[in-house]
Amino acid sequence: MEQNQIQIKDANRVIQKLTMQAANLIQLNALLSAKTEELEEENTLLKNQIDEVKKAK
1 MEQNQIQIKD ANRVIQKLTM QAANLIQLNA LLSAKTEELE EENTLLKNQI DEVKKAK
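For what it's worth, the UniProt record's numbering labels the leading residue of the sequence shown as 1, then goes sequentially.
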């Protein structure tokens with residue numbers, strides 16, 4: 001019985017750590033998604049500038 005309780009406590013610690021890691025990964029994914037969107041917008045602006053320069057030549 002006591003061994004089972006120790007195993008349950010250990011399992012709960014592992015679950016808690018994995019839950020924290022999952023939360024961190026979700027937060028990181030949100031940050032990366034926002035940065036990706038920002039870079040895509042910047043890329044579009046730069047492509048438009050390149051097109052304007054090409055047309056001006």
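Don't be surprised by glycine CBs; every beta carbon is placed ideally from N, CA and C.
In this text the structure is predicted, and so the values were computed from the model without any measurement.
- Spanning the alpha carbons of Leu28 and Arg13 requires a straight line of approximately 22 Å.
- Distance from the CA of Lys57 to the CA of Ala30, rounded to the nearest whole angstrom, comes to 41 Å.
- Inter-residue distance for Met20 and Lys54 is about 51 Å (C-alpha atoms, whole angstroms).
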